[in-house]
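Residues 332 to 673 in my numbering are what the sequence shown lists, from first letter to last. Every residue, glycine too, gets a C-beta built ideally from N, C-alpha and C. Scroll down for the structure; my scribbles are underneath it.
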Amino acid sequence: MRTITRFFWFCSGAYTPLLNRVPTETHKFIGIGGTVFFTGLLASISAGYALYTVFNSLLFAVGFGLVWGVMIFNLDRFIVSSMKKRDNSWQEWKMAIPRLLFAVLLAIVISKPLELKIFEKEINRKLDEQKTAMLASSKLAVEQTFSEIGEREAQKELLRKEIKEAVDFRDKLQEEYDFERFGTKTERTSGIVGLGSNAKKKEQQLDAAQEALDRLRESHQQRLDILDDEIRMLMQARTNAVDQLKPGIEAYDGLAARLDALAALGMESKAIKIAGYFIMLLFVAVETAPVFVKLISLRGPYDDLLDLTEHRVGVYVSEETAKANAKSSYRLEQLAESLQHR
């Protein structure tokens, strides 16, 4: 227990020999030291998580988190230890304003990574939505760059249309030929049963249309095969382009992406936005607590002893300065006398 007490005294920046002489002050400085220590611990955890999201390395995150936590601990300890209780409260508050502003800045920096961890599930869901939207927009952009596929599809449709028109024309001649053979009366048939001159003429027209259809099908089929091969190659190239984009989109999971997702969640949900503010305010309260404790606490025996110690040091320095000046003056006088006798 004594070791823990001395450790928190050290964290508070207090002078241990003086605290040993004023037992009534020990609890105050234990509280201040504990706040400073746990603030540094939270800063270490926060920085470690933030670096883990960036580098995805546990060793690197732990190492940097410890360095960051020690740095924040040292800064807080310096801020608290540099504040001394005086008789002028306004002067104390004026001197504390820069320290409070710096403490608020540290609290905001520390709270943000832990805020990301608290809302991790919601952020992951939002990141999935953003990745899906990014993938869809990327596919659309890639499809627009491969406009040749649509052009070739249009050419295929035109060729199929020409073949269909030729087939329809052949079927129409086939129908007229059948009507002519079986004696069905129409505007284009005679209504006479049998293979007469009209039927033979219809047969010749039908044969010519069939030959034209066969030639058209053969030539267009070659062109369709070429277009199919070109479309297949373009679609493969388009698929490869989309596949190349996927790793980058899937890797969209860094610190900046999570901060952006958290901001988007705050805009969508008022509850998350308010919760984020309260988390930040909590860390502001924790970070500024040692400073406020020093400001609002009454002047105690430790402060009197500290002033007395500093005064003694000042008196000692003044005495030694006076002695040094006197010795210097004496030596100068002796030097001046020796020079006169020469």
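Point to revise | Contact check, F404 vs G371, beta carbons under 8 Å | key: Between F404 and G371, the gap from beta carbon to beta carbon is short of 8 Å.
Point to revise | Reduced DSSP category for Y647 - H, G, I as helix; E, B as strand; rest coil | key: Note: Y647 maps to helix in three-state DSSP.
**Study point:** Pair within 8 Å by beta-carbon distance, T640 and L349
**Key:** yes
Check your understanding: Taking just the CA atoms, how far does N529 sit from D499?
Key -> Going from the Cα of D499 to the Cα of N529 covers about 21 Å.
Exercise for review: Can you say whether E507 is buried or exposed, counting buried as having 16 or more other CB atoms within 10 angstroms of its CB?
Suggested key: So E507 counts as buried.
Review point. Which of the three DSSP states, helix, strand or coil, is assigned to R630?
Key: coil
Point to revise | Test item: CB-CB of A592 and I441 under 8 Å | key: no
Review point. Are the region 425 to 433 and the region 605 to 612 touching by the rule of at least three beta carbon pairs closer than 8 Å?
Key: no
Exercise for review: Check whether the region 580 to 598 touches the region 337 to 352, counting contact only when three or more Cβ pairs, one atom from each stretch, lie closer than 8 Å.
Suggested key: no
Practice item. With DSSP as the reference, label M414 as helix, strand or coil. Key: coil
Practice item. Could you tell me whether the region 466 to 484 touches the region 567 to 577, where touching means 3 or more Cβ pairs closer than 8 Å? Key: The answer is yes - the region 567 to 577 touches the region 466 to 484, with three or more Cβ pairs under 8 Å.
**Study point:** Host alpha helix (DSSP H) of N351 (start-end)
**Key:** T347 to R352
Review point. Which class does K654 belong to by DSSP, given the choice of helix, strand or coil?
Key: helix
**Study point:** Delimiting residues of the alpha helix (DSSP H) encompassing R584
**Key:** Correcting the residue identity first, residue 584 is Asp in this sequence and not Arg. Looking at the DSSP string, D584 is not in any alpha helix (DSSP H), and its letter there is neither H nor E.
Point to revise | DSSP-derived helix/strand/coil call for F450 | key: coil
Practice item. Go ahead and pull the three-state DSSP assignment for G344. Key: coil
Point to revise | Member of E664, A606 and F386 whose CA lies at the smallest distance from the CA of Y583 | key: F386
Check your understanding: By DSSP, does N455 sit in helix, in strand, or in coil?
Key -> The answer is helix: DSSP assigns N455 an H, G or I state.
Check your understanding: Can V353 and Y633 be called in contact, C-beta distance under 8 Å?
Key -> Less than 8 Å separates the beta-carbon of V353 from that of Y633.
Review point. In angstroms, rounded to a whole number, what distance separates the CA positions of E534 and L544?
Key: 15 Å
**Study point:** Three-state class that DSSP yields for K516 in the structure shown
**Key:** coil
Practice item. Can you give me the Cβ contacts of I580 inside the same chain, cut-off strictly under 6 Å, excluding the 5 residues immediately before and after it? Key: K462, M465 and L466, listed in sequence order.
Check your understanding: With DSSP run on the structure shown, which of helix, strand or coil describes F477?
Key -> Under the three-state reduction of DSSP output, F477 falls in the coil class, being neither helix nor strand.
Review point. Under a Cβ-count criterion, where at least 16 other Cβ atoms within 10 Å of its own Cβ denotes burial, should P578 be classed as buried or exposed?
Key: exposed
Check your understanding: Does DSSP put S388 in a helix, a strand or coil?
Key -> coil
Review point. For S442, which of helix, strand or coil comes out of DSSP?
Key: helix
Practice item. Measure how close the beta-carbons of L555 and L490 come, nearest whole angstrom, since I'm counting them as under 8 Å. Key: 6 Å
**Study point:** Cut-off 8 Å between Cβ atoms - residues of its own chain near W424, not counting five sequence neighbours on either side
**Key:** L626
Review point. Smallest Cα separation from A343: which of Q541, L406 and L636?
Key: Here the sequence assigns Ser to residue 343, which means Ala is not the residue at that position. It is L406.
Exercise for review: Starting from the Cα of V411, find the closest Cα among I361, W399 and K457 and give me that residue.
Suggested key: Answer by Cα proximity: I361.
Check your understanding: How big is the Cα-Cα spacing for E664 and F623?
Key -> 56 Å
Point to revise | Cβ shell of I439 (< 8 Å), same chain only, five flanking positions each side left out | key: M611, F614 and V615.
**Study point:** Sequence-distant residues of its chain with Cβ nearer than 7 Å to E356 (five each side left out)
**Key:** The residues L350, G631, P632 and Y633, in chain order, have a CB closer than 7 Å to that of E356 in the same chain once the five nearest residues on each side in sequence are set aside.
Practice item. Please classify S600: does DSSP put it in a helix, a strand, or coil? Key: Residue state, collapsed to three classes: coil.
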